[in-house]
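Colleague: Once you know that position 35 of the sequence shown is 34 in numbering that gives the first Met the number 0, the rest is easy, because the numbers rise by one and skip nothing.
Even for Gly, the Cβ is constructed at its ideal location relative to N, Cα and C.
The structure is given below, and queries will be raised subsequently.
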Amino acid sequence: MNQLTEKTNETVLEVDLGAILHNLNYFRSFLKPETKMLCMIKAFGYGTGSYGLGRFLQQQGVDYLAVANVDEGVELREAGITSPIIVMNPTPNALPLLFENNLEPGIYSFDILRRTLAEAEKRGLTDYPVHVKLNTGMQRMGFNPDELPMLLETLKNRKSLLVSSVFSHLAGSDSPEFDDYTRGQIAAFTEAAATMEAALGYRFMRHILNSSGIERFPEAQFDMVRLGIGLYGISPLHPEALQPVARFKTKILQIREVPAAETVGYSRRGVLTRNSRIGCLPVGYADGLNRHLGNRKGAAIVNGKKCPFIGNICMDLTMLDLTDVEARPGDEAEIFGGEITISDIAETLQTIPYEVLTSVSARVRRVYVNG
Ligand SMILES: *Cc1c(COP(=O)(O)O)cnc(C)c1O
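Set out below in structure tokens:
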């Protein structure tokens with residue numbers, strides 16, 4: 000085989016839609032048939048690519064999609080996605096774009112409420128769906144319980160907006176250590192939502208559970224749940240029940256023999272203890288391969304063997320030790336998604352899997368398989 004004719008830009012994030020569906024169905028198994036499913040595809044679908052994923056989830060009958068900001072929602076609309084889309088944290092200046100693209104705002108403060116009312120009234124809208132966020136203990140976004148009277152006063156007799164749902168977010172649903180706190184949040188939410196319904200005089204959806212909430216507090220599923228990280232194959236509770244969704248892989252670009260006396264890479268950090276075969280991968284920290292994985296802290300799988308990264312990870316290139324494996328240029332190197340999991344890397348980096356997955360940069364091509 001002529002290696003030179005091979006395409007060298009082979010660094011891809013392979014996204015397994017079959018695994019997405021498997022994980023979706025796993026979380027659905029906790030739900031009553033009538034409970035709605037919202038999938039969080041913020042941050043470019045947690046790094047897995049938003050429109051391909053959004054289109055697939057729409058086909059699978061997911062009721063709502065949600066993103067963090069208006070630009071992410073516009074991107075989905077431009078890709079032809081017609082599902083209802085909630086924008087969790089719209090900024091005031093983005094409201095015109097939000098309405099133009101039929102996106103549904105999260106209402107988290109009096110300022111955003113008044114501006115949304117003004118924009119909806121200016122457009123002559125009636126019953127435009129909005130989603131009111133309550134703070135029950137996350138202390139991040141949303142109305143505090145003591146703000147409810149003023150919130151309800153502001154919403155009363157305003158025909159332009161319809162409260163489509165009221166929701167809150169759990170601060171520690173993954174951890175038994177916080178279960179009392181979580182139950183307190185659920186109780187506060189239940190009470191606040193009841194107060195709102197009595198005052199507004201109509202039914203709206205309620206939702207509070209994220210992924211680990213679905214697994215651990217299915218009794219609090221209310222009318223809808225918000226599935227995020229679990230969709231992408233990560234669960235602190237039942238990792239074995241889920242399938243990995245994303246495989247970050249590349250192909251070896253070049254291999255060289257390096258004598259023990261030499262060093263590899265910048266600042267001569269790749270110190271060798273033996274004559275070595277050093278491979279070079281066309282992936283670097285600019286692709287989201289965290290630089291802290293260099294100097295043998297991280298590795299890639301080549302032909303079934305774990306090959307440690309040697310020296311400092313560069314912007315576009317990474318060197319690895321191939322001395323103990325049969326390998327040729329063009330062979331695949333898997334960074335995560337198989338034997339090395341996203342959770343393994345998160346542990347090495349002392350962070351959470353969410354950060355590892357969302358760090359894979361825009362330069363890396365997303366490739367969907369098993370769709
Ligand atoms: C990101 C997010 C979720 C999903 O959380 P996971 O832990 O990924 O399941 C749910 N609700 C809100 C408000 C979020 O911001």
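(1) What did DSSP end up calling Met87 once you bin it into helix, strand or coil?
(2) Do you know offhand how far Glu5's Cα is from His237's?
(3) How would you label Asn143, buried or exposed, when you count the other beta carbons within 10 angstroms and need 16 or more for buried?
(4) Does the beta-carbon of Leu199, which I'm using as the reference point, lie nearer than 7 angstroms to any heavy atom of ligand 1?
(5) When DSSP labels each residue in this structure, what does Tyr367 get in the three-state scheme?
(6) Of all the options Tyr180, Met204, Ala245, which has the alpha carbon lying nearest to the alpha carbon of Arg225?
(7) Should Lys305 be counted as a contact of ligand 1 given a C-beta to heavy atom distance under 7 angstroms?
(8) Quick check on the DSSP output: the beta strand (DSSP E) that includes Asp145 runs from which residue to which?
(9) Please tell me whether, using a cut-off of 7 angstroms, the distance from the CB of His168 to the nearest non-hydrogen atom of ligand 1 is below it.
(10) Put Thr262 into one of helix, strand or coil per three-state DSSP.
(11) Have a look at Gly232 and Asn22 and give me their C-alpha separation to the nearest angstrom.
(12) Does the beta-carbon of Ser342, which I'm using as the reference point, lie nearer than 7 angstroms to any heavy atom of ligand 1?
(13) For Met195, does the count of other Cβ atoms within 10 angstroms reach 16, so buried, or fall short, so exposed?
(14) May I ask you to report which of helix, strand or coil DSSP gives Ile40?
(15) Cα separation between Met0 and Leu280?
(16) Looking only at its chain, what residues have a beta carbon closer than 6 angstroms to the beta carbon of Glu338, apart from the 5 residues adjacent to it on each side?
(17) Would DSSP call Ile312 helix, strand or coil?
(18) From the DSSP output, read off the bridge partner residues of Phe247.
(19) Is the beta carbon of Lys41 less than 8 angstroms from the beta carbon of Ala67?
(20) From Ser329 to Asp173, what does the alpha carbon distance come to, in whole angstroms?
(21) May I ask you to report which of helix, strand or coil DSSP gives Glu77?
(22) Does the distance between the C-beta of Ile106 and the nearest non-hydrogen atom of ligand 1 fall short of 7 angstroms?
(23) Would you mind listing the alpha helix (DSSP H) stretches within the stretch 188 to 257 that are 4+ residues and don't spill past its ends, in chain order?
(24) Determine, using beta-carbon pairs with one atom in the stretch 349 to 361 and one in the stretch 25 to 45, whether at least three such pairs fall under 8 angstroms.
Modeller: On the basis of the data shown:
(1) coil
(2) Here the model assigns Glu5 a pLDDT of 42, short of 50, so the residue's position is not dependable, and the following value carries that caveat. The straight-line gap from Cα to Cα measures roughly 40 angstroms.
(3) exposed
(4) no
(5) strand
(6) Met204
(7) no
(8) First-last for Asp145: undefined, no H or E at that position.
(9) yes
(10) strand
(11) 6 angstroms
(12) no
(13) buried
(14) coil
(15) Model confidence at Met0 stands at a pLDDT of 35, short of 50, so the residue's coordinates are unreliable and nothing is read from them.
(16) Ile300
(17) coil
(18) Leu12, Phe335
(19) yes
(20) Note on residue identity: the sequence assigns Gly, not Ser, to residue 329. One C-alpha to the other measures close to 41 angstroms.
(21) helix
(22) no
(23) 210 to 215
(24) yes
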